[in-house]
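In what follows, a structure is listed as structure tokens, so that the remarks can point back to it.
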Amino acid sequence: MQAQTEKDFECFIVDNGSTDGSMATIPKLDERFILMELGQNTGFAAANNTTAKLAKAPWIALLNPDAFARPNWLEQLLKASGKASNIKMVGSTQYLALEKTPTLDGVGDCYHFTGIAYRAGYGKQLEPPKAGMVFAPCAAAALYHKAKFLELGGFDERFFCYHEDVDLGFRMQLAGGDCLQTPLAIVDHVGSAISDTVPEFAIYHGTRNRIWTFYKNMPLAPLVLLTPFHIGANLAYLGWAVFRKGRFNPTLRGIRDGIKGLPQTFKDRKSVQKTRTISTIQLMKKFSWSPLKVITRGITIRHLYSSKNPE
11 MQAQTEKDFE
21 CFIVDNGSTD
31 GSMATIPKLD
41 ERFILMELGQ
51 NTGFAAANNT
61 TAKLAKAPWI
71 ALLNPDAFAR
81 PNWLEQLLKA
91 SGKASNIKMV
101 GSTQYLALEK
111 TPTLDGVGDC
121 YHFTGIAYRA
131 GYGKQLEPPK
141 AGMVFAPCAA
151 AALYHKAKFL
161 ELGGFDERFF
171 CYHEDVDLGF
181 RMQLAGGDCL
191 QTPLAIVDHV
201 GSAISDTVPE
211 FAIYHGTRNR
221 IWTFYKNMPL
231 APLVLLTPFH
241 IGANLAYLGW
251 AVFRKGRFNP
261 TLRGIRDGIK
271 GLPQTFKDRK
281 SVQKTRTIST
291 IQLMKKFSWS
301 PLKVITRGIT
311 IRHLYSSKNP
321 E
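Numbered according to my numbering, the sequence shown spans residues 11 to 321.
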């Protein structure tokens, strides 16, 4: 962050219960940098919520420790935030840090009508698309409007980690916000570097939280219509996991605990739906509907002008 072209910022470096002594390796920094040790692993969601409440700026930028920002990253995020009045989130263009040939790690999170969220463009060796609207940013490197973030309660701390950015993006969309994906704010992302040693952890939380996101946020009419597709998608994941070593058990546990947690999820959806300001049709236009794209992680970008005059 010291190399950023945008110099007017405060930076919270949060240690979420690490045990590797990494905080001791941080060099002396100037007064813009604030070191925080939480003492235990509170989860991605809770750690970011804690920090967001302390921030003074009108926008909060999130950057994972395995994401390395290009020098003009913050400057470009802030420029993008002013493109339209209803932009409350800005997504970065992420490249896989360890690939020799430039390879996308993602250009925003897309949300398929089945309730499957995916990082668009992952693994593709192509130029990032022009700036446009996506469903949500990947929170590994994202910008959020602070007031809206706090108004909606930030990340759902029940999620602990994984899919919490999609859930927040969904709630932002329901409340009339939108997400601009910019090709100019670039990070190089190692990707799952923190949880790579325990892949079952990521599979379990991603599966469970996918179910909670769908049932908490989907308005009633599409919830009824799309639930069979959501159930089918989860069963398809479970079937696919049979043939992938180490995936079946965490997938099954994730589905089981996702279902067990639905009573609380339905309680939470009452407050979420009260914040909704857009119509069901407007929301459904923001989904990805292509079966091919959800399988291939195809990119779904809406034109920027569509956010200037919401219907």
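Note that beta-carbon positions come from the ideal geometry of N, C-alpha and C, so glycine has one too.
This structure is a prediction, so every number in the text was calculated from the model and none was measured.
Check your understanding: So is Met33 buried or exposed if we call it buried at 16+ other beta carbons inside 10 Å?
Key -> Position 23 of the sequence shown, counting from 1, holds the residue named residue 33. Exposed.
Range covered by the beta strand (DSSP E) that runs through Lys98
Taking the sequence shown and counting its residues from 1, the one referred to as residue 98 is at position 88. Taken as a continuous stretch (DSSP letters only), the beta strand (DSSP E) holding Lys98 covers 97–106.
### Query
Just the Cα atoms here: how many angstroms apart are Cys120 and Lys66?
Taking the first residue of the sequence shown as 1, we reach residue 120 at position 110. Taking the first residue of the sequence shown as 1, we reach residue 66 at position 56. Distance between the alpha carbons of Cys120 and Lys66: 30 Å.
Fill in: Contact set for Tyr154: own chain, Cβ-Cβ below 6 Å, skip 5 residues either direction
Locating residue 154 in the sequence shown gives position 144, counting from the first residue. Excluding positions up to five away in sequence, the list reads Ile70, Met99.
| request: Tell me whether Val208 sits in a helix, a strand or coil according to DSSP, three-state version. | output: Your numbering for residue 208 matches position 198 in the sequence shown. Unreliable placement is indicated for Val208, whose pLDDT of 48 sits below 50; no coordinate value is reported for it.
Problem - Endpoints, alpha helix (DSSP H) assigned at Phe239 - result: If you number the sequence shown from 1, residue 239 lands on position 229. Phe239 -> alpha helix (DSSP H) spans 230–251.
Query raised in the report: In whole angstroms, what separates the C-alpha of Met11 from that of Ala79?
Result: Walking along the sequence shown from the start, residue 11 turns up at place 1. Walking along the sequence shown from the start, residue 79 turns up at place 69. Cα to Cα, the separation comes out at about 7 Å.
Tell me where the beta strand (DSSP E) around Leu45 begins and ends.
Walking along the sequence shown from the start, residue 45 turns up at place 35. It spans 43–47 - the beta strand (DSSP E) in which Leu45 sits, taken as one unbroken run.
| request: Measure from the alpha carbon of Arg220 to the alpha carbon of each residue in Ala13, Cys171, Thr15, Asp188, then state which is nearest. | output: For this step, residue 220 is matched to residue 210 along the sequence shown. Checking every option, the nearest Cα to that of Arg220 belongs to Cys171.
- request: With a floor of 4 residues, list each alpha helix (DSSP H) that falls wholly inside the stretch 40–87, ordered by position along the chain.
  value: 54–64
I'd like the list of long-range same chain contacts for Thr103, defined as Cβ closer than 6 Å, with 5 residues on each side in sequence excluded.
Taking the first residue of the sequence shown as position 1, residue 103 is located at position 93. These residues qualify, in order along the chain: Val117, Pro138, Pro193, Ile196.
Review point. Which of the three DSSP states, helix, strand or coil, is assigned to Tyr172?
Key: Residue mapping note: residue 172 aligns to position 162 of the sequence shown, counting from 1. Tyr172: coil per DSSP, three-state reduction.
- Could you name the residues of the same chain whose beta carbon sits closer than 8 Å to that of Asn259, not counting the 5 residues immediately before and after it, in chain order? What you label residue 259 is simply residue 249 of the sequence shown in a count that begins at 1. Closer than 8 Å at Cβ, skipping near neighbours: Glu210.
message: Just checking: is the beta-carbon of Pro273 within a distance shorter than 9 Å of some beta-carbon in chain B?
response: No chain B is part of this structure, which consists of one protein chain only.
Requested in this report: Label Phe123 either buried or exposed according to how many other C-beta atoms from any shown protein chain fall within 10 Å of its C-beta, with 16 as the threshold for buried.
Outcome: As a working note, residue 123 is residue 113 in the sequence shown. Phe123 should be labelled buried.
_Cutting at 6 Å between CB atoms, please list the residues of its own chain near Ser298, excluding the five before and the five after it._
As a position in the sequence shown, residue 298 is number 288, starting the count at 1. Taken in chain order, the residues that qualify are Cys120, His122, Thr310.
Report buried or exposed for Pro147, applying the criterion of at least 16 other Cβ atoms within 10 angstroms of its Cβ. Position 137 of the sequence shown holds residue 147. It counts as buried.
**Prompt:** Where Ile97 and Pro81 are concerned, what is the direct C-alpha to C-alpha distance, given to the nearest angstrom?
**Reply:** Residue numbering aside, residue 97 sits at position 87 when the sequence shown is read from its first letter. Residue numbering aside, residue 81 sits at position 71 when the sequence shown is read from its first letter. Each residue's alpha carbon lies about 23 Å from the other.
- Counting only the same chain and skipping the five closest in sequence on each side, list residues whose C-beta sits under 8 Å from that of Gly53. The sequence position of residue 53 within the sequence shown is 43, counting from 1. Asn26, Glu167, Phe169, Phe170, Cys171.
Fill in: Run of the beta strand (DSSP E) containing Ile36, from where it starts to where it stops
Within the sequence shown, residue 36 is the residue found at index 26, counting from 1. Segment: none, Ile36 is in no beta strand (DSSP E) and carries neither H nor E.
In terms of residue numbering, what span does the alpha helix (DSSP H) encompassing Val282 cover?
-> Position 272 of the sequence shown holds residue 282. 272–284 is the span of the alpha helix (DSSP H), which, as asked, contains Val282.
Val304 (DSSP reduced to helix, strand or coil) | In the sequence shown, residue 304 corresponds to position 294, counting from 1. It is helical.
Considering Cα atoms alone, identify which of Ala231, Phe43, Asp40, Gly125 is closest to Ile241. Taking the first residue of the sequence shown as 1, we reach residue 241 at position 231. Checking every option, the nearest Cα to that of Ile241 belongs to Gly125.
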